[in-house]
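Have a look at the structure below before the remarks.
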Amino acid sequence: MATIANPPTYRNVFFAHLDGLSGTLAQLDDGQVYCFHPDSGGLVPISGYKGLTVLGECGVANAQMILDEMRGGYAHIATSRLQEVA
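When the count follows the working numbering, it moves up by one through the sequence shown with no breaks and lands on 88 for the last residue.
Here it is in structure tokens:
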């Protein structure tokens with residue numbers, strides 16, 4: 003029987019503006035806070051608060067979709083899981 007990892011659902015995703023660009027703000031598994039621009043797929047690590055405006059929290063479904071995209075997309079997540087075989 004294979005064991006499937008059940009990643010936790012995070013809700014700490016916020017709409018934000020960073021230096022005039024719209025995106026979302028989230029902390030990934032490595033502990034670093036990133037600003038994610040969904041159209042370009044770019045991740046910008048946040049090192050300071052200059053030019054950052056946090057607007058409000060994303061909903062649960064929207065937050066999960068954004069975090070999946072930040073981690074490489076659905077296909078990357080599905081193919082990079084560890085497969086255990088009994």
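Backbone N, C-alpha and C define an ideal beta-carbon position, used for all residues, glycine too.
{"Query": "Leu69 - DSSP class collapsed to helix/strand/coil", "Result": "helix"}
{"Query": "Identity of the residues DSSP links to Val62 by a beta bridge", "Result": "Val62 pairs with nothing; no bridge assigned."}
{"Query": "Tyr76 - containing alpha helix (DSSP H), residue span", "Result": "76–81"}
{"Query": "Short Cβ contact (8 Å threshold) for Gly74 with Phe16", "Result": "no"}
{"Query": "Distance CB(Leu45)-CB(Met67) smaller than 8 Å", "Result": "no"}
{"Query": "Of the listed residues Gly33, Leu30, Cys37, Gly43, nearest to His19 (C-alpha basis)", "Result": "Cys37"}
{"Query": "DSSP state of Ser24 mapped onto helix, strand, coil", "Result": "strand"}
{"Query": "Neighbourhood of Thr55 by C-beta, 7 Å cutoff - its chain only, sequence neighbours within 5 removed", "Result": "Ala18, His19"}
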